[in-house]
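Down below is the structure, laid out as structure tokens.
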Amino acid sequence: MKKELKRKFLPDNYRQDIYLKFHNFKQKELSVEDYTSEFDNLMMKCDLVEAEEHTIARYLGGLKPEIGNVVQLQSYWTYNDVCRLALKVEKQQKDARGGGIRFTVRDVNRGSGSVSKHNSGSNSTAKKITRNDIGE
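Remember, our numbering sits 5 above the position in the sequence shown when you count from 1.
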């Protein structure tokens, strides 16, 4: 019944077009969550039945290299493991790029030597401290 409905309501080239889109699908600017969602959606539309190892290889091949390469270094057993790892790697990379803490020294000339923390994502600027500023 399902095949008959598809044959009646879908264009002849639909299955091939959707398979090509799935086969060439890459993450590009998508988040891992959006990439995974679209990957799953395309896989369902293709009505593709393949070994889980093949699905994992296809998924990893479409991820950004900086994410996919790290995921491949980890231990995984299932497609869901790979998806979870990819999300973790993306989060860690985002945190490393913008979530670190930078320390700067203020009021050195006044002798207070106080230290303040700045989020590296903020627009604050840190003055480069030289020996002249410290009084050496």
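Using N, Cα and C, we set each Cβ at its ideal position, and we do this for glycine too.
Please read all numbers here as calculations on a predicted model, not as lab measurements.
Notebook entry, point to check: How is glutamine 98 classed by DSSP in three states: helix, strand or coil?
Noted result: Residue 98 sits at position 93 when you count from the first residue of the sequence shown. Helix at glutamine 98.
Notebook entry, point to check: Expressed to the nearest angstrom, what Euclidean distance is found between the alpha-carbon atoms of aspartate 52 and serine 80?
Noted result: Reading the sequence shown from its first residue, position 47 is the one you call residue 52. Reading the sequence shown from its first residue, position 75 is the one you call residue 80. Whole-angstrom Cα-Cα distance: 28 angstroms.
Checklist line | phenylalanine 44, buried or exposed, once every other Cβ within 10 Å from all chains shown has been counted against 16 | finding: Start at 1 with the first residue of the sequence shown, and residue 44 comes out as number 39. Counting the other Cβ atoms within 10 Å of the Cβ of phenylalanine 44 gives 16 or more, which makes it buried.
Margin query: Determine whether the beta carbon atoms of isoleucine 72 and lysine 50 lie at a separation below 8 angstroms.
Written below: Position 67 of the sequence shown, counted from the start, is the residue given in the question as residue 72. Position 45 of the sequence shown, counted from the start, is the residue given in the question as residue 50. When the beta-carbon positions are compared, isoleucine 72 and lysine 50 stay at least 8 angstroms from each other.
Notebook entry, point to check: How about threonine 83 and glutamate 57: are their beta carbons less than 8 angstroms apart?
Noted result: As a working mapping, residue 83 is identified with position 78 in the sequence shown. As a working mapping, residue 57 is identified with position 52 in the sequence shown. Yes, they are a contact pair.
Item checked: Euclidean distance between Cα positions of phenylalanine 96 and glutamate 34 -> By 1-based counting over the sequence shown, the position of residue 96 is 91. By 1-based counting over the sequence shown, the position of residue 34 is 29. Checking the sequence shown, residue 96 turns out to be lysine, not phenylalanine. In a straight line, the C-alpha of lysine 96 is about 15 angstroms away from that of glutamate 34.
Next item on the list: Report the three-state DSSP secondary structure of valine 54 (helix, strand or coil).
Entry: Translated into positions along the sequence shown, residue 54 becomes position 49. Note: valine 54 maps to coil in three-state DSSP.
Next item on the list: Output the boundary residues of the alpha helix (DSSP H) element that contains asparagine 74.
Entry: Within the sequence shown, residue 74 is the residue found at index 69, counting from 1. Counting along the chain, the alpha helix (DSSP H) containing asparagine 74 begins and ends at 70-77.
Notebook entry, point to check: For valine 76 versus valine 87, is the C-beta spacing smaller than 8 angstroms?
Noted result: In the sequence shown, the residue the question calls residue 76 occupies position 71. In the sequence shown, the residue the question calls residue 87 occupies position 82. In this structure, valine 87 lies closer than 8 angstroms to valine 76 by Cβ.
Note to self: Quick check on the burial criterion: 16 or more other C-beta atoms within 10 angstroms. Buried or exposed for alanine 101?
What the structure shows: Translated into positions along the sequence shown, residue 101 becomes position 96. Classification for alanine 101: exposed.
Next item on the list: Would you mind reading off the limits of the alpha helix (DSSP H) that contains glutamate 9?
Entry: In the sequence shown, counting from the first residue as 1, residue 9 sits at position 4. First-last of the alpha helix (DSSP H) with glutamate 9: 7-14.
Note to self: Comparing C-alpha positions only, which one of Gly67, Ser36 and Glu55 sits nearest to lysine 93?
What the structure shows: The sequence position of residue 93 within the sequence shown is 88, counting from 1. Measuring from the Cα of lysine 93, the nearest candidate turns out to be Ser36.
Next item on the list: Leaving out five residues on either side along the sequence, give the residues of the same chain with a beta carbon under 6 angstroms from the beta carbon of phenylalanine 27.
Entry: Position 22 of the sequence shown holds residue 27. Correct list, in chain order: Leu47 and Cys51.
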